[in-house]
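Visitor:
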Amino acid sequence: MNKTIRRASVFALLLVLALLGRATWVQAYEGKALADEKKNRRNVIAQYAQPLGNIVVAGSPVTGSKKTEGGDLAYKRDYTDGELYSAVTGYSSQAYGATQLEGIYSDVLDGTDTRLKNPIDALTGKQQEPGDVVTTIDPAVQKAAYEALGSKKGAAVAIDPKTGRILGMVSTPSYDPSKIAGLTDGTTWQELTEDKDKPLVNRALRQPLPPGSTFKLVVAAAALEKGLYGSVDTATDSPNPYKLPGSTRYLENENPSAPCENATIRTALQYSCNNVFAKIAVDLGQDEVKAMAEKFGFNDKELDVPVRAYPSVYPSDMDKAQTALTGIGQFDVTATPLQIAMVSAAIANDGLMAAPHMVSQVVDSDGDTLESFDDGDAKRIVSSSTAEQLRSAMVTVVDKGTGTNAAISGAEVGGKTGTAQHGENNSKTPYAWFTSYAKDADTGKEVAVAVLIEDSGAARSEVSGNGLAAPVAQKMMKAALK
Numbered sequence: 095m096n097k098t099i100r101r102a103s104v105f106a107l108l109l110v111l112a113l114l115g116r117a118t119w120v121q122a123y124e125g126k127a128l129a130d131e132k133k134n135r136r137n138v139i140a141q142y143a144q145p146l147g148n149i150v151v152a153g154s155p156v157t158g159s160k161k162t163e164g165g166d167l168a169y170k171r172d173y174t175d176g177e178l179y180s181a182v183t184g185y186s187s188q189a190y191g192a193t194q195l196e197g198i199y200s201d202v203l204d205g206t207d208t209r210l211k212n213p214i215d216a217l218t219g220k221q222q223e224p225g226d227v228v229t230t231i232d233p234a235v236q237k238a239a240y241e242a243l244g245s246k247k248g249a250a251v252a253i254d255p256k257t258g259r260i261l262g263m264v265s266t267p268s269y270d271p272s273k274i275a276g277l278t279d280g281t282t283w284q285e286l287t288e289d290k291d292k293p294l295v296n297r298a299l300r301q302p303l304p305p306g307s308t309f310k311l312v313v314a315a316a317a318l319e320k321g322l323y324g325s326v327d328t329a330t331d332s333p334n335p336y337k338l339p340g341s342t343r344y345l346e347n348e349n350p351s352a353p354c355e356n357a358t359i360r361t362a363l364q365y366s367c368n369n370v371f372a373k374i375a376v377d378l379g380q381d382e383v384k385a386m387a388e389k390f391g392f393n394d395k396e397l398d399v400p401v402r403a404y405p406s407v408y409p410s411d412m413d414k415a416q417t418a419l420t421g422i423g424q425f426d427v428t429a430t431p432l433q434i435a436m437v438s439a440a441i442a443n444d445g446l447m448a449a450p451h452m453v454s455q456v457v458d459s460d461g462d463t464l465e466s467f468d469d470g471d472a473k474r475i476v477s478s479s480t481a482e483q484l485r486s487a488m489v490t491v492v493d494k495g496t497g498t499n500a501a502i503s504g505a506e507v508g509g510k511t512g513t514a515q516h517g518e519n520n521s522k523t524p525y526a527w528f529t530s531y532a533k534d535a536d537t538g539k540e541v542a543v544a545v546l547i548e549d550s551g552a553a554r555s556e557v558s559g560n561g562l563a564a565p566v567a568q569k570m571m572k573a574a575l576k
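Counting with this note's numbering, you get residues 95 to 576 for the letters of the sequence shown.
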């Protein structure tokens, strides 16, 4: 064989090997990537080829699947009481994807999760029956929150302090996920996305706002833990009005006649004295307040319940005047209702914070557990003594302070109101907050809640945590204690 033929043969062999290598690469590696590509129509067809698994509340599904008419997608998602549970479920749409529990557990719900397959099915690629997601939601608490919020723009969260189970989570205005589940719901989708009230936003988890005076519980906890004051009944060093350090501005109280000068922490919480907590924040320093806030969960960028919550923020690099304002939940402090509920839950649970979660189990079609979430996985936030003192002071707030609308006959109820400034120079209607806990000594049931009223349509003079948010919290707590 002459040299030219030999070289041509080697070159041809290399070409064949290259083609074989490329084919192997495409089939073994790129094939899976192409199969997993979200824009691959075959995946959407497979996803909706059979009824989806369900999201379950108290043993009953709040989701379903509806047979479609025509087209290559056999089923679409359907919802029972969609507006009531949208902040829990999210949506699953043939056109717009999936969010929240629908998105996180989409592989389980459509039957493609590898944990659902036996070894033979894994080899053949057979699609299995989908699994279900079992939530911790109490339908009575959920309904109480939804009905009490009504037409108001806001959100509410309820947590079992001992277990961390989220018993209720509502965001209003809400929406019905069934109306955007198909391929021909573009008009409804456009209305929802263009709505200035943002109904698709889960305000309970994903819209941090200034928490106002509810943050005073964090500042009080820091003061007691640091030993700045020996108890909630020790007089503080708090001039009234309080001049912000390095400023000509005086910080005044909502109630000019309230006994806030050198008030105890108990009295300061009862009357929501700004001068006391602004001064405490400055005396502690921003690092101490920040450390306590972070123990409660602020600045956590990975808070999953299992839906990822937006971080609640306690800022850094402030001067003393700005630090003083953070002491009353203003300046750049922001919080979600979930975060504020976590504060009350830890105080109610003797200073221990159980990890909040709204899914208890993920199961296959036979009910066998694929994944479970432990109740009561707790870490200590404050000492038992500090928690006990704060509960006592919060009870005073409800018994004879700014939170009387949260009282429940026969139950121990403690709370804290908040009215947070909104807009430049407080030019817009303030946000109304309320956070609380309730305990029934006879049944042993407990609950902690946080309610945010972003906008109620009420006149500015009528906006208060006790007037707008506390009645919502009271109804949620009553439902949880039944």
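We treat Cβ as the ideally placed atom computed from N, Cα and C, and that holds for glycine.
Throw me the rounded Cβ distance for the Tyr408 and Asn393 pair, which I believe falls under 8 Å.
Guide: Right, their Cβ atoms sit about 6 Å apart.
Visitor: Note down the Cα distance separating Lys473 from Met447, rounded to an integer number of angstroms.
Guide: Whole-angstrom Cα-Cα distance: 5 Å.
Visitor: Do the CB positions of Ala168 and Ala143 come within less than 7 Å of each other?
Guide: It is a contact, given that the beta carbons lie within the stated cut-off.
Visitor: Which class does Lys310 belong to by DSSP, given the choice of helix, strand or coil?
Guide: In the structure shown, Lys310 sits in a helix (DSSP, three-state: H, G or I).
Visitor: In its own chain, which residues sit with a C-beta less than 6 Å from the C-beta of Pro255, not counting the 5 before and 5 after it?
Guide: Ala439, Ala442, Asn443, Glu540 and Ala542.
Visitor: Report buried or exposed for Phe105, applying the criterion of at least 16 other Cβ atoms within 10 angstroms of its Cβ.
Guide: The residue is exposed, with fewer than 16 neighbouring Cβ atoms inside 10 Å.
Visitor: Does DSSP put Asn560 in a helix, in a strand, or in coil?
Guide: Helix.
Visitor: Closest by CA to Val577, which one among Val312, Gly258 and Ile149?
Guide: Residue 577 is absent from the model: the chain starts at 95 and stops at 576.
Visitor: When you compare only the Cα positions, how much space is there between Leu397 and Ile139?
Guide: For Leu397 and Ile139, the distance between alpha carbons rounds to 33 Å.
Visitor: Which of helix, strand or coil does DSSP assign to Val45?
Guide: Nothing can be reported for residue 45, as the shown portion of the chain is limited to 95 through 576.
Visitor: Tell me whether Thr463 sits in a helix, a strand or coil according to DSSP, three-state version.
Guide: Three-state result, Thr463: strand.
Visitor: On the DSSP bridge assignment, give the partners of Ile260 in chain order.
Guide: DSSP lists Ile253 as partners of Ile260.
Visitor: Report back the beta-carbon spacing between Tyr185 and Thr193 to the nearest angstrom; my notes put them in contact at under 8 Å.
Guide: With a Cβ gap of about 6 Å, Tyr185 and Thr193 count as contacting.
Visitor: Between Val182 and Ser454, how many whole angstroms is the CB-CB distance? I'm expecting something under 8 Å.
Guide: The Cβ separation is near 13 Å, so there is no contact.
Visitor: Tell me the DSSP secondary structure of Val156 in three-state form.
Guide: Correct three-state label for Val156: coil.
Visitor: Is Val151 near the ligand MN, going by C-beta to nearest heavy atom under 6 Å?
Guide: No copy of the ligand MN appears in this structure; indeed no ligand is present at all.
Visitor: Measure the CB-CB distance between Val202 and Gly176 and report whether it falls below 7 Å.
Guide: No, the pair does not count as a contact, with Cβ atoms beyond the cut-off.
Visitor: Return the chain-ordered ranges of every beta strand (DSSP E) run that is complete within the region 496–559 and spans a minimum of 3 residues.
Guide: You should have 506–516, 522–533 and 540–549.
Visitor: Anyone know if the C-beta pair for Asp172 and Ser265 falls short of 7 Å?
Guide: Result no, Cβ atoms of Asp172 and Ser265 do not sit closer than 7 Å.
Visitor: Which residue's Cα is closest to the Cα of Asn560: Thr230, Asp458, Val492 and Tyr531?
Guide: Looking at the Cα atoms, Val492 is the closest of the given residues.
Visitor: Reducing DSSP to helix, strand and coil, say where Val399 ends up.
Guide: The answer is coil: DSSP assigns Val399 none of H, G, I, E or B.
Visitor: Please determine if the region 374–390 and the region 301–315 are in contact, where contact requires at least 3 C-beta pairs separated by less than 8 Å.
Guide: Enough Cβ pairs lie closer than 8 Å, so yes.
Visitor: In terms of DSSP beta bridges, what is Asp426 paired with?
Guide: Asp426 is not bridged to any residue.
Visitor: Taking contact to mean at least 3 C-beta pairs separated by less than 8 Å, is the region 320–338 in contact with the region 454–463?
Guide: Contact between the region 320–338 and the region 454–463 is absent, because fewer than three Cβ pairs lie under 8 Å.
Visitor: Do you know how far the Cα of Gly248 is from the Cα of Ser341?
Guide: Cα to Cα, the separation comes out at about 34 Å.
Visitor: Could you give the distance in angstroms between the alpha-carbon of Gln141 and the alpha-carbon of Leu322?
Guide: Each residue's Cα considered, the two are about 59 Å apart.
Visitor: If distances are taken between C-alpha atoms only, which option among Ile231, Asp207, Leu113 and Ser103 comes closest to Ala152?
Guide: For Ala152, the nearest C-alpha among the options comes from Ile231.
Visitor: From what residue to what residue does the beta strand (DSSP E) around Leu446 run?
Guide: That run of the beta strand (DSSP E) goes Leu446 to Ala448.
Visitor: Quick one: any contact between the region 282–300 and the region 344–354, if contact means 3 or more CB pairs under 8 Å?
Guide: Too few Cβ pairs lie closer than 8 Å, so no.
Visitor: If we count the other Cβ atoms within 10 Å of its Cβ and call it buried at 16 or more, is Tyr344 buried or exposed?
Guide: Looking at its Cβ environment, which holds fewer than 16 other Cβ atoms inside 10 Å, Tyr344 is exposed.
Visitor: So the beta strand (DSSP E) Lys473 belongs to, where does it begin and stop?
Guide: Looking at the DSSP string, the run of the beta strand (DSSP E) that includes Lys473 is Ala472 to Arg474.
Visitor: Does DSSP put Leu128 in a helix, a strand or coil?
Guide: Because the pLDDT at Leu128 is just 46, under 50, the model does not fix this residue reliably, and the value given afterwards should be weighed accordingly. Helix, per DSSP.
Visitor: Taking C-alpha atoms, which residue in Ser180, Ser325 and Phe371 lies nearest to Ala275?
Guide: Checking every option, the nearest Cα to that of Ala275 belongs to Ser180.
Visitor: Please go through the same chain and pick out, in chain order, the residues whose beta-carbon is closer than 8 Å to the beta-carbon of Gly470, but skip the five residues on each side of it.
Guide: Lys256, Thr257, Gly258 and Ala448, listed in sequence order.
Visitor: What does the Cβ neighbour count give for Gln284, buried or exposed, with the cut at 16 atoms within 10 Å?
Guide: Looking at its Cβ environment, which holds fewer than 16 other Cβ atoms inside 10 Å, Gln284 is exposed.
Visitor: Given this structure, state the Cα-to-Cα distance separating Val557 from Val251, to the nearest angstrom.
Guide: The alpha-carbon atoms of Val557 and Val251 are separated by roughly 20 Å.
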